[in-house]
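Using this note's numbering, the first residue of the sequence shown is number 52, and each one after it goes up by one. The beta carbon of each residue, even a glycine, is placed where N, CA and C say it ideally should be. Given the structure is predicted, the values throughout are model-derived calculations rather than measurements. First comes the structure, then the notes that go with it.
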Amino acid sequence: LYLEPGRLIRFVRALDDGHYPEDPGNEGWRQIWFRGRSAFRLRDDLGFLLGAGVYHRNIAMCVRAGRHGRLTPLVVDLPDGGYGDTLEIVVFRADTPAYNELRHPDVHAE
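Have a look at this one:
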């Protein structure tokens, strides 16, 4: 019995140059039902589902806010609530040109 919220996760793996299909209806996008808030567990699950050559610790997940939204690296747990919400996530492999271009917030900025 799960007491944690569940949400639909739509995800796609970006090419090394950062390109990915924009339309989540495209065959490159996949989806899973995910329960819980742990970004680490989500990363493990997506790394496993993406298969060969993708070790879960060598990926970055970015949340897409809307079809034309800016990609934002997912570095904290998912928010409370969210039952039935859908998150669109673009996965980048580490040590690729696209991964190296990602910008993370400066937590030490004033």
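- Residue pairing by DSSP puts G57 in a beta bridge opposite R86.
- Within the same chain, V63, A65, Y71, C113, R115, L122 come within 7 Å of V141 by CB-CB distance, once the 5 residues on both sides are set aside.
- D67 places its beta carbon less than 8 Å from that of P148.
- A residue is called buried once 16 or more other Cβ atoms fall within 10 Å of its Cβ, and E73, having fewer, is exposed.
- Straight through space, the alpha carbons of E152 and L138 are spaced by roughly 22 Å.
- Under DSSP, F91 takes part in no beta bridge, so it has no partner.
- When only Cα atoms are considered, P75 and D95 end up about 21 Å apart.
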